[in-house]
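What follows is a single structure, written as structure tokens, with notes after it.
Structural data, given as structure tokens:
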């Protein structure tokens, strides 16, 4: 079938639905439709057999849904209605939630039901929950709804599935409900409010004489202070005291005055530069005591011959500082007496490459771009030149651009079945680096590498395995990924052939360095990147600004296609429609 996806943003769920439906043989163009008129134009232009809206804020016009079957994914169980379903689920501390695929009609979220799916709600951030448990359930429901449509089976009226009076329309979740009372709210209450707004929209608050949106929150039970005060910093985050404990807040975004550009979401200490008083910088304990709750974006642990170096950076973005700290941690992990080193192994994002927000907010974005890409290259080089043990990249969520190339530097790449990979840079107007011209063709062959980087489409876990992009797909839920990866790594370490592979790896490294050294790939890639960074008219600068400030791309993305052609994907991913047409709006990681 020809299935048109219409979405308010080409976010992770839209990309996953596109990739999975395409894997099943459907033609799946994507159109980003900010309003009803755009929905109408998209349907008129594509004339699809079926319309699916994985994430749509716009109203589907009556003339569209009365003439075409339009399936809308609602992130709530049957009978739940309203624009803030997942926010209310987290606010009310729901243990279970659901996804409903509805037929579009005049009343929002009240149409006939094509499929539903339930999922458990762990205490994780909303965006993490959306990309993982909700995404798994939504995909299951969409696939069953599409199959039902293809078989000619009608949907079920909502009144047959929701008991009389049980349907509930909830209002938009406003900042007044999110507001934190630092004097009164417990740590758990503060965390729940922060979790419910971690990516968007953030929790509006006052701090050090200014208004901010707080993004992300993690518990800290070893620090105390007067409620609302900042007792310490750690790795770019600030610790803030609650009524009975404290929380770590990794990122802040300044509240912009009306008429001014939207501020960038930044590491908290970067955002507060010039306002932050002198505070102790507390390093994270290498191994927190049993039961101790604290935060660190980089952790290391060992289980016998297996070392696991996990990391979790907000939005998957890795700044110069993130890369350097992770490189230090990698070198320390490499000094340990293990035979298999797992890089990643955490649920949610692996990496999306360089940190576009930090770059955009820098005094000299070109210089910061250069510093950031070199720091990424240093990290990837360290992985590529590890010859005394096997290295496994474990992708628990999504990865894009330089993040994919970081993963490909390992000997084996494992990913969760729900992962979506974007192994390209093209739609941010970049040629790309991180040794991709060496690792990508080596894994998938030159023709496939060319297709992946030129078409700039999201790739499902199954398609990545088929193409040779990854070596193993771990079929498990997001919460089980860490344990599953650790068990597989232990089996790998126990194989008699493991040490033979290490010896062969060392010999291959020496052979490669004597022929075409890694430095040659790096030099060639960086020369092209530098030309883009230092050219103020290069599309990269406008595309970066539009992405981080959530603005329309000047002239539309299509206007930049020639300049960006063949250069790969955005650091946080954009999706391509069928036939290579690109979505016309910045893609959102969530």
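Residue numbers (the numbering used here): 17 to 606.
The beta carbon of each residue, even a glycine, is placed where N, CA and C say it ideally should be.
The structure displayed is predicted, hence computed values, not measured ones.
Going by the CB atoms, is the gap between residue 459 and residue 484 shorter than 8 angstroms? Contact: yes.
Measure how close the beta-carbons of residue 447 and residue 548 come, nearest whole angstrom, since I'm counting them as under 8 angstroms. About 7 angstroms separates the CB atoms of residue 447 and residue 548; that is less than 8 angstroms, so the two are in contact.
Could you pull out every residue in the same chain whose Cβ sits closer than 8 angstroms to the Cβ of residue 43, ignoring the five residues on either side in sequence? Excluding positions up to five away in sequence, the list reads 17, 18, 19 and 594.
Closer than 8 angstroms is the cut-off here; do at least three beta carbon pairs connect the segment 270 to 282 with the segment 237 to 247? Contact between the segment 270 to 282 and the segment 237 to 247 is absent, because fewer than three Cβ pairs lie under 8 angstroms.
On the three-state DSSP scale, how would you describe residue 17? Residue state, collapsed to three classes: coil.
To the nearest angstrom, how far is it from the Cα of residue 351 to the Cα of residue 399? Approximately 13 angstroms, taken between the alpha carbons.
Could you tell me the alpha carbon to alpha carbon distance between residue 119 and residue 397, rounded to whole angstroms? For residue 119 and residue 397, the distance between alpha carbons rounds to 50 angstroms.
Which runs of the alpha helix (DSSP H), 4 residues or longer, sit entirely within the segment 356 to 382? DSSP runs (the alpha helix (DSSP H)) wholly in the segment 356 to 382: 372 to 377.
Exposure label - residue 112; buried when at least 16 CB within 10 Å: Classification of residue 112: exposed, given that the 10 Å Cβ count is below 16.
Expressed to the nearest angstrom, what Euclidean distance is found between the alpha-carbon atoms of residue 215 and residue 528? Cα-Cα distance, rounded: 43 angstroms.
Between which two residues does the beta strand (DSSP E) holding residue 250 run? Residues 248 to 250.
Anticipated Cβ contact below 8 angstroms, residue 178 with residue 154, distance rounded: Actually they do not touch by this definition, with Cβ atoms about 19 angstroms apart.
Note the first and the last residue of the continuous beta strand (DSSP E) segment covering residue 230. Its beta strand (DSSP E) spans residues 226 to 231.
Roughly how many whole angstroms lie between the Cα atoms of residue 33 and residue 47? Rounded to whole angstroms, residue 33 to residue 47 spans 13 angstroms at the Cα level.
Three-state secondary structure (DSSP) of residue 336: In the structure shown, residue 336 sits in a helix (DSSP, three-state: H, G or I).
Less than 8 angstroms between the CB atoms is what I'm expecting for residue 411 and residue 423, so what's the real figure, rounded? Approximately 6 angstroms separates the beta-carbon atoms of residue 411 and residue 423; this is inside 8 angstroms, confirming the contact.
Have a look at residue 583 and residue 401 and give me their C-alpha separation to the nearest angstrom. Because the pLDDT of residue 583 is 30, which lies under 50, any placement of that residue in the model is unreliable, and the question is left without a value.
DSSP state of residue 26, grouped into three classes? Judged by DSSP in its simplified three-state form, residue 26 adopts coil rather than helix or strand.
Let me know if residue 31 comes out buried or exposed under the rule of 16 or more other beta-carbons within 10 Å of its beta-carbon. A buried status is given to residue 31, since no fewer than 16 other beta-carbon atoms sit within 10 Å of its beta-carbon.
Go to residue 288, then tell me how far its alpha helix (DSSP H) extends in each direction, as first and last residue. Where residue 288 is concerned, there is no enclosing alpha helix (DSSP H), given that its DSSP letter is neither H nor E.
Contacts around residue 160, its chain only, beta-carbon distance under 7 angstroms, and the 5 residues preceding and following it disregarded: Within the same chain, residue 160 has close Cβ partners 131.
To the nearest angstrom, how far is the alpha carbon of residue 330 from that of residue 497? If I take the Cα positions, the gap works out to 19 angstroms.
Collapsed DSSP secondary structure at residue 106 in the structure displayed: In the structure shown, the three-state DSSP call for residue 106 is helix.
Sequence-distant residues of the same chain with beta carbon closer than 6 angstroms to residue 297, five excluded per side: Excluding its 5 nearest sequence neighbours in each direction, residue 297 has C-beta neighbours in its own chain below 6 angstroms: 249, listed in chain order.
Starting from the C-beta of residue 254, find all residues in its chain whose C-beta is less than 6 angstroms away, skip the five residues before and the five after it, and write them out in chain order. Counting only Cβ-Cβ distances below 6 angstroms, and skipping sequence neighbours, we find 246, 265 and 284.
Is DSSP giving residue 436 helix, strand or coil here? Residue 436: strand per DSSP, three-state reduction.
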